[in-house]
Amino acid sequence: MTEPLILGIESSCDETGVALVRGRELLANEVASSVEQHVRFGGVVPEVASRAHLQAMLPTVRRAAETAGVRLADVDAVAVTAGPGLMGALVVGISAAKALAFALDKPLYGVNHLAAHCAVDLLEHGELTLPTVALLVSGGHTSLLRVDGINEITQLGATIDDAAGEAYDKVARLLGLEYPGGPVIDRRARAGDPTAIRFPRGLTARHDLEKHRFDFSFSGLKTAVARWVETAERDGVEVPVDDVCASFQEAVCDVLSAKAVDACTHLGIDNLLIGGGVAANSRLRELLEQRCAATGVTLRRPRPALCTDNGAMIAALAAELVRRGAQPSGLGFGADSGLPVSRVLV
């Protein structure tokens, strides 16, 4: 029996993603990014992102269908991000998905963005070994999750202030580097000394571990970088940008990798999955490889193109839910910017 063809739509932030998936085969994965429109602001502006989604949605849908060599009438179900994310951006994607589902007379699935980051690796490496710990790191989210099933996910910890990707953007801005900050800091860090400056590791002190063992905090790190740079400039010292980038990145990746592996060993789980835009960071992937190898944890890493927000992850999650006989969401649901990861399907 042929697997159903799923159209997935992702619009939670600044990228309009549309993909077509049949079972675990990715037929098309088209992304229209509005990042260039946010550069002069140094970060994502929700209203700008929403307008960009409106302009890009239909062309991206058409492109995905052409790439996959299918007609929209061939689609068996439509899936869309219901949350979490930027409210206006989510509304655009949901409205488009509802219109398509209604016009095509196809079932509609509203799914969780974070759970979709866990599901996308199924397209690359097949069935998940369960249970697994998932580390999701992006500009809007930094979370540790326990995955007992694709529709059975528990949050172990999350950021209590800035997400890791957000900290990258803010540090890049104070160093006069371009937006988005993640790729440029990663690149500049390769020419720097990660031991040049000992920046703080948030929520790793002994008194923090009792309450925040699996939580993250990057606001203090961002402030420490700002103060170090201000002091250097006040003293007339040329700021060693590469060293600052390397030392900052080392602090972020040290905390992320250490807490992820600690969650695995504490829970007796020997599988770790990473996702989100920051999961493409070269130093994070390197540290995770080292620490997982040292503790006997198997690391699953989607290729970088599947780590960032995309329609493939939405379609992949919906395909798994359809396979398990999940009922469609219908047309009555709305966007939920704070949708908890425990609600995989709305």
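In full-length UniProt numbering, the protein residues as written are 1 to 346.
We put the beta carbon where it would ideally sit given N, CA and C, even for glycine.
Quantities reported herein were computed from a predicted structural model and do not represent experimental measurements.
Does the Cβ-Cβ distance between residue i and residue j come in under 9 Å?
{"i": "isoleucine 314", "j": "alanine 77", "result": "no"}
{"i": "proline 302", "j": "isoleucine 274", "result": "yes"}
{"i": "alanine 28", "j": "threonine 16", "result": "no"}
{"i": "leucine 272", "j": "arginine 300", "result": "yes"}
{"i": "leucine 287", "j": "alanine 164", "result": "no"}
{"i": "leucine 177", "j": "valine 225", "result": "no"}
{"i": "tyrosine 168", "j": "valine 35", "result": "no"}
{"i": "valine 341", "j": "isoleucine 153", "result": "yes"}
{"i": "glutamate 10", "j": "aspartate 309", "result": "yes"}
{"i": "residue 360", "j": "valine 133", "result": "Any property of residue 360 remains undetermined from this structure, which presents the chain solely from 1 to 346."}
{"i": "serine 219", "j": "aspartate 162", "result": "yes"}
{"i": "leucine 86", "j": "serine 329", "result": "no"}
{"i": "valine 61", "j": "valine 91", "result": "no"}
{"i": "leucine 7", "j": "leucine 72", "result": "yes"}
Around the Cβ of residue i, are there at least 16 other Cβ atoms within 10 angstroms (buried) or fewer (exposed)?
{"i": "glutamine 327", "result": "exposed"}
{"i": "glycine 126", "result": "exposed"}
{"i": "glutamate 320", "result": "buried"}
{"i": "proline 59", "result": "exposed"}
{"i": "proline 304", "result": "exposed"}
{"i": "aspartate 215", "result": "buried"}
{"i": "valine 39", "result": "exposed"}
{"i": "threonine 142", "result": "buried"}
{"i": "leucine 130", "result": "exposed"}
{"i": "glycine 311", "result": "buried"}
{"i": "alanine 116", "result": "buried"}
{"i": "valine 171", "result": "buried"}
{"i": "glutamine 249", "result": "buried"}
If residue i and residue j are in contact, beta carbons under 8 Å, what's the gap, nearest whole angstrom?
{"i": "residue 349", "j": "alanine 65", "result": "Only positions 1 to 346 of the chain appear in the structure, and residue 349 is not among them; the question remains open."}
{"i": "leucine 339", "j": "alanine 82", "result": "6 Å"}
{"i": "leucine 135", "j": "alanine 316", "result": "Their Cβ separation, rounded to whole angstroms, is 18 Å, which puts leucine 135 and alanine 316 out of contact at 8 Å."}
{"i": "residue 347", "j": "arginine 324", "result": "This structure gives no information on residue 347, because the portion of the chain shown stretches from 1 to 346."}
{"i": "isoleucine 197", "j": "serine 247", "result": "4 Å"}
{"i": "alanine 263", "j": "leucine 114", "result": "Incorrect: roughly 16 Å between the Cβ atoms, too far for contact."}
{"i": "asparagine 281", "j": "glycine 202", "result": "Contact doesn't hold; Cβ gap of about 17 Å is too wide."}
With residue i as the anchor, note down where its beta strand (DSSP E) starts and where it stops.
{"i": "glutamine 55", "result": "Note, glutamine 55: premise wrong, no beta strand (DSSP E); alpha helix (DSSP H) at 46-68."}
{"i": "valine 18", "result": "15-22"}
Does the beta carbon of residue i sit closer than 9 Å to a beta carbon anywhere in chain B?
{"i": "valine 39", "result": "Absent from the structure is chain B; it holds one protein chain and no more."}
Can you name the start and end residues of the alpha helix (DSSP H) that residue i belongs to?
{"i": "arginine 323", "result": "311-323"}
{"i": "arginine 187", "result": "181-189"}
List in chain order: all unbroken alpha helix (DSSP H) runs of 4+ residues lying wholly within the segment 228-306.
With a minimum length of 4 residues, the continuous alpha helix (DSSP H) runs that stay inside the segment 228-306 are 241-267, 282-295.
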